[in-house]
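Written below as structure tokens is the structure these notes are about.
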Ligand code: 5GP
Ligand code: ZN
């Protein structure tokens with residue numbers, strides 16, 4: 030998919046509105062439009078990477094940056110003490126519906142395990 034056509038690239042560019050909670054040089058975070066928990070934030074790179082499976086070895090630091098932003102947003106949303114979950118869905122069996130890599134940050138309630 031071309032970045033011009035990608036929903037999350039459009040959100041990162043500001044072409045599609047979203048409730049942003051982080052906007053950095055490399056990473057953007059915003060509230061999920063269909064939240065599955067009181068806090069449900071998506072953390073994405075500005076660069077279009079289709080999924081973790083499509084990430085290159087030289088994306089290592091960018092992938093780490095996604096988790097650091099997720100942690101910082103979790104702290105800002107008051108989840109540090111109660112705990113939270115980060116999830117990356119990959120491909121069809123992983124349940125990925127938007128083909129631009131994203132980390133889900135979920136918290137604010139007790140989350141069951143294992144996922145379905
Ligand atoms: P996935 O299923 O690919 O792991 O997660 C995609 C997530 O993107 C879903 O949780 C879905 O609710 C969210 N999502 C889909 N379209 C939009 C949108 O236009 N805006 C926002 N903020 N989230 C979206
Ligand atoms: Zn994209």
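In my numbering, the protein residues as written are 30 to 145. For each residue, glycine too, the CB sits at the ideal point set by N, CA and C.
Figure out for me which residue from the options has the closest Cα to the Cα of residue i.
i           : options              : result
residue 144 : 116, 120 and 137     : 116
residue 91  : 132, 110, 136 and 42 : 132
residue 109 : 97, 120 and 118      : 97
residue 61  : 71, 37, 43 and 44    : 71
For the alpha helix (DSSP H) that residue i lies in, which residues bound it at each end?
i           : result
residue 114 : Taken as a continuous stretch (DSSP letters only), residue 114 belongs to no alpha helix (DSSP H), being part of the beta strand (DSSP E) at 113-116.
residue 107 : Residue 107 -> no alpha helix (DSSP H), and no H or E assigned at all.
residue 146 : The chain is shown only over 30 to 145; residue 146 falls outside these bounds and no answer can be derived.
residue 123 : 120-123
Please state if the CB of residue j and the CB of residue i are separated by a distance shorter than 9 Å.
i          : j           : result
residue 77 : residue 46  : no
residue 50 : residue 41  : no
residue 82 : residue 120 : yes
residue 99 : residue 130 : no
Would you please state the rounded distance, in angstroms, between the beta carbons of residue i and residue j? I believe it to be under 8 Å.
i           : j           : result
residue 104 : residue 140 : Between residue 140 and residue 104 the Cβ distance is about 18 Å, and since that is not below 8 Å, they are no contact.
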